[in-house]
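K.L.:
All you need for this note's numbering is the position in the sequence shown, starting with 1, plus 6.
We put the CB at the ideal spot given by N, CA and C, even for glycine.
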Amino acid sequence: PTKWDESSNIVWKQKLPGPGSSSPIVVGNKIYLTCYSGYGLDERNPGDQSALVRQVLAFDLKTGKPEWDVPFPASLPEQDFRGFQALHGYASTTPASDGNSLYVFLGKSGVHALTLDGKPVWSHSVGGGKDGWGSATSPLLYKNLVIVNASVECGALVALDKVTGKEVWAKTGVRKSWSSPVLVTPASGKTEVVISSQSEILAYDAGSGKLVWRCSGVRDYVCPTVLVHGDVVYAIGARAGMGMAVKSGGEGTVKPLWEMGKGSNVSSPVFYKDHLYWAHESRGIVYCANAQTGKIDYEERLQPTADRIYASAVLAGDKVYYVSRNRGVYVVAADPQFNLLAHNEPLDKSVFNASPAVVDGKLLLRSNEYLYCLGSK
């Protein structure tokens, strides 16, 4: 749907047991999601950290009915609930699944594997580090590996065995990065795992963890995840805004194909018909850039003026969805000519930080209070 409100195009909505900034994922006829509870619900009165629990939840896709809820008590001490940590909370990493198991990364509280029925299989700590911006990267699956960016927790990219949870390889040197790892397969056929780190883009052999190539990257701490299309990697970031493209499959130090002076400090871009689309997190501005050259096709402020946008752009058909924290969802045509198709008012008064999931012509949108299924009934 392009438009919705409380009386139209809502298939169902389900109250959540706690807030979170992670996105829902769908496996078969189930939705999986993470939340947190017990601590950090009110910055003025956050409570006692000892009560902090992350929850992994499952819902029925058709009805939204809760299926199960597995709690994971926090490994303490956690980062205090204030400042930037309070902007997104303690459940900011999206789960991953291979269709057989579910994998979640809970920062210093570890990586966990569960069955799709909610039975814990293994847990593994990847370090006890914490940061004022919290933890936010999502796990990546490759063959027998679960790969996580544990820059905050131990300064490394870590690969674990999917079956046992044991460490297979770990590579230090990932700096000030809240960017999730991504796979790319260049013409050589050897799959690489790529991560955007402070001042450089790093590519490792996905199976062995060997560093394959590096390229100058975002000269700031990094939140956006790189975008891969074909064998080209696109990275944006920096508070001042910058971006670049680099061809995968190289060796040693490689040079970018192009660089630009626009970007986003938080949200990630999408690709459609040779163009990149993304939103600046604090200015309410959306961008379109030519993927071949980095030339900006448009730079437009969303109206009515958007507040902070922490969710990443999501592409569905020929439309790009931008979810703002408090001002609703903006729907823009995926076209190098700017065209705002709709502005949908917020469906509740809580914060919307998560990118929606797209499935069967419907959007799964979560706030700190509810999970919504948007579409035709």
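Could you check whether the stretch 13-33 touches the stretch 59-67, counting it as contact only if at least three pairs of C-beta atoms, one from each stretch, sit closer than 8 Å?
P.N.:
The answer is yes - the stretch 59-67 touches the stretch 13-33, with three or more Cβ pairs under 8 Å.
K.L.:
When the Cα atoms are used, what is the spatial distance from E351 to V335?
P.N.:
Between E351 and V335, the C-alpha separation is close to 7 Å.
K.L.:
Distance, Cα to Cα, L346 vs L308?
P.N.:
When rounded, the distance between both Cα atoms is 8 Å.
K.L.:
Could you check which residue in I302, R289, A319 and C294 has the C-alpha nearest to that of P310?
P.N.:
Measuring from the Cα of P310, the nearest candidate turns out to be R289.
K.L.:
Can you grab the Cα-Cα spacing for the pair E305 / G249, in whole Å?
P.N.:
Cα to Cα, the separation comes out at about 14 Å.
K.L.:
Going by C-alpha distance, which of G53, G34 and K36 is nearest S43?
P.N.:
Cα-wise, what sits closest to S43 is G53.
K.L.:
Kindly identify the DSSP beta-bridge partner or partners of S183.
P.N.:
According to DSSP, which records beta bridges pairwise, S183 is partnered with V228.
K.L.:
Can you grab the Cα-Cα spacing for the pair I93 / F87, in whole Å?
P.N.:
The residue you asked about is not Ile; residue 93 is Leu in the sequence shown. The straight-line gap from Cα to Cα measures roughly 9 Å.
K.L.:
Which first and last residues belong to the alpha helix (DSSP H) in which Q91 is found?
P.N.:
It spans G89 to H94 - the alpha helix (DSSP H) in which Q91 sits, taken as one unbroken run.
K.L.:
Using a Cβ-based criterion (distance less than 7 Å to any ligand heavy atom), does K114 qualify as near the ligand GTP?
P.N.:
The ligand GTP is not part of the structure shown, which contains no ligands of any sort.
K.L.:
Return the CA-CA distance between Y328 and V320, expressed in angstroms with no decimal places.
P.N.:
Rounded to whole angstroms, Y328 to V320 spans 7 Å at the Cα level.
K.L.:
Return the bridge partner residues of N296 from the DSSP annotation.
P.N.:
The partner list for N296 (beta bridge, DSSP) reads H281.
K.L.:
Beta-carbon within less than 7 Å of A339's beta-carbon, same chain only, minus the 5 sequence neighbours each way: which residues are those?
P.N.:
Result list for A339: D324, K325, N345 and L347, in chain order.
K.L.:
Taking E173 as part of the beta strand (DSSP E), name the residues at either end of that continuous run.
P.N.:
E173 to T178 is the extent of the beta strand (DSSP E) around E173.
K.L.:
Let me make sure I understand the geometry here. Which of A322, P230, K36 and V234 has the alpha-carbon closest to that of T143?
P.N.:
It is P230 whose Cα lies nearest to the Cα of T143.
K.L.:
Just the C-alpha distance for G186 and A176, rounded to the nearest angstrom, thanks.
P.N.:
Inspection of the sequence shows that residue 186 is occupied by Ser rather than by Gly. Computed Cα separation, rounded: 15 Å.
K.L.:
Give the secondary structure of K68 by DSSP, where H, G and I count as helix, E and B as strand, and everything else as coil.
P.N.:
Three-state DSSP puts K68 in coil, outside helix and strand.
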